[in-house]
Each structure stands twice: as structure tokens, then as C-alpha cells.
Amino acid sequence: RLLSEDEWVQFCRGVGVFKDNDESHTVIRPKAWYWPVKGFPDGLYQDVLWGKVKSNYWYHILSTIRWTLMILQIAMNAVLTALGSFATNSGTAITVVAAVNTCMSSILALMHNSGLPDRYRSDRNEFYKLEQHMKEIIDARLVTPPEVTVMDVMADCFHRFNNARQTVENNIPSSY
């Protein structure tokens with residue numbers, strides 16, 4: 467069923483997509499691609515965007531670190547191969563390069579065994595699904611099943627947010 471105008475306004479105020487004290491009932495949309503949370507009042511929608519953005523940034527930062535370390539490790543292996551072919555009395559250069567390579571591979575192993583950065587991608591996707599669900603209600607005013615009240619719809623959104631947050635918490639390795 468479609469939400470009535472009053473129910474829709476109540477839902478939008480409840481999740482925080484209207485400006486504070488705004489009587490025009492204009493839905494706030496993310497304005498900045500780098501920080502979409504900007505401009506939203508405190509509320510569920512802001513919390514969902516914050517969780518998604520935070521996970522997205524961590525995912526991209528850790529992906530960049532992982533790929534940089536992998537490429538550097540390939541370069542270090544090439545350097546080790548080149549140094550190994552020279553007949554030198556001192557193995558200091560080989561030892562230093564091998565030690566750096568071991569440190570990089572250890573960091574990569576720790577990241578891999580912690581599920582990074584993929585864990586942050588999964589966290590981002592949890593919040594993204596909830597954001598899409600809320601956007602559908604805000605934009606289309608369509609809710610199912612037909613007999614639900616606007617309070618039930620808001621409670622469902624808060625329940626989904628708590629589930630997403632709990633999933634994120636459960637994915638933290640120290641809580642296994």
C-alpha cells in the first residue's frame with residue numbers, strides 16, 4: 467500500500483531526512499560524494515550513511531595498502547633474484563631486502579587472515595542494503611504488507627539497522 471501524506475511525513479521525520487523545523491517537507495539528499503552524511507540531521511538515516519561511508523573508506527584504504535604491498539613484494543622478489551645472481555662476498559644487501567620482503571608478506575598474511583579488506587566491503591554492503599530499503603520507502607511511499615502502520619515501518623527500519631550493526635560487530639575478529 468502507499469503511505470498517506472501524513473504517514474510519509476511522519477516516517478521521514480522519524481528517520482531524519484527532513485531539515486530540522488522544515489515545513490516544506492523537502493527530502494534531504496546527499497550533497498557531497500566524499501562525505502554524504504553532511505547536512506543530515508541526527509537520525510537513523512544519518513547513522514546508516516555514516517556506517518556505510520566509514521566502511522567504504524576503510525575498504526578502499528586497506529585495498530590500496532594490500533595492492534601496494536603485493537606490487538612491492540613482486541618488485542622485492544625481482545630485486546632478490548637480481549642480487550642473488552651477483553657473486554658478492556657480503557650478503558648484507560640480500561639480507562636487508564629479504565627482511566623487508568618478509569615484513570611485507572607478514573602484513574599481507576595478517577590482513578588476509580583477518581578478512582581485510584573484504585570484511586569492510588561486507589559491512590558497507592549491509593548498510594547499503596538498509597539505505598536502499600529506506601530510499602524505496604521515502605521515494606515511492608510503498609510499504610508491504612498492506613496492514614502495517616507507519617510505526618511498524620519505522621520499527622522495521624530500526625530493527626534492520628540493529629541487525630546490520632550487529633553483523634558488523636560480529637565480523638570483528640576479536641569477537642570470534
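Residue numbers for the sequence shown follow our numbering, so the first one is 467 and each next one is one higher. Idealized CB from N, CA, C, for every residue including glycine.
Exposure label - A630; buried when at least 16 CB within 10 Å: Residue mapping note: residue 630 aligns to position 164 of the sequence shown, counting from 1. Sixteen is the threshold: when 16 or more other Cβ atoms of the shown chains lie within 10 Å of the Cβ of A630, as they do, the residue is buried.
Which of helix, strand or coil DSSP assigns to L468: In the sequence shown, residue 468 corresponds to position 2, counting from 1. For L468, the secondary structure class from DSSP, reduced to helix, strand or coil, is strand.
Presumed contact (8 Å Cβ cut-off) between L549 and V563, rounded CB distance: As a first step, residue 549 is located in the sequence shown; it is residue number 83 there, counting from the start. As a first step, residue 563 is located in the sequence shown; it is residue number 97 there, counting from the start. Going by Cβ atoms, the distance from L549 to V563 rounds to 7 Å, so yes, they are a contact pair.
Among S572, L574, S571, N543, the one whose alpha carbon lies nearest that of I560: Indexing the sequence shown from 1 puts residue 560 at position 94. Ranked by Cα distance from I560, the options S572, L574, S571, N543 are led by N543.
Selected residue, minimal CA-CA separation from I527, among M577, V609, E613: As a position in the sequence shown, residue 527 is number 61, starting the count at 1. Ranking M577, V609, E613 by Cα distance to I527 puts M577 first.
6 Å CB neighbourhood of A498 in its chain, flanking five on each side removed: Reading the sequence shown from its first residue, position 32 is the one you call residue 498. The answer, listed in chain order, is K504.
Identity of the residues DSSP links to L608 by a beta bridge: Residue 608 sits at position 142 when you count from the first residue of the sequence shown. In DSSP, L608 forms a bridge with L468.
Under the three-state DSSP convention, the category V514 falls into: Here residue 514 corresponds to residue number 48 of the sequence shown, with the count starting at 1. In this structure, DSSP gives V514 a helical state, which the three-state scheme calls helix.
With 16 other Cβ atoms within 10 Å as the buried cut-off, status of M536: Taking the sequence shown and counting its residues from 1, the one referred to as residue 536 is at position 70. Residue environment: M536 is assigned as exposed (fewer than 16 neighbouring CB atoms within 10 Å of its CB, all protein chains considered).
For V475, three-class secondary structure by DSSP: Within the sequence shown, residue 475 is the residue found at index 9, counting from 1. Three-state result, V475: helix.
Beta-carbon contacts of L546 that lie in its chain and below 8 Å, excluding the five residues immediately before and after: Along the sequence shown, read from residue 1 onward, the residue named residue 546 stands at position 80. Taken in chain order, the residues that qualify are I560, V563, A564, N567.
Those residues which DSSP pairs with F484 across a bridge: Looking up residue 484 in the sequence shown gives position 18. DSSP output for F484 lists V493 as bridge partner(s).
Three-state class that DSSP yields for D508 in the structure shown: Residue 508 sits at position 42 when you count from the first residue of the sequence shown. For D508, the secondary structure class from DSSP, reduced to helix, strand or coil, is coil.
Identity of the residue in M617, N636, S571 nearest L538 by Cα: Here residue 538 refers to the residue found at position 72 of the sequence shown. Out of M617, N636, S571, the CA that lies nearest to the CA of L538 is found in S571.
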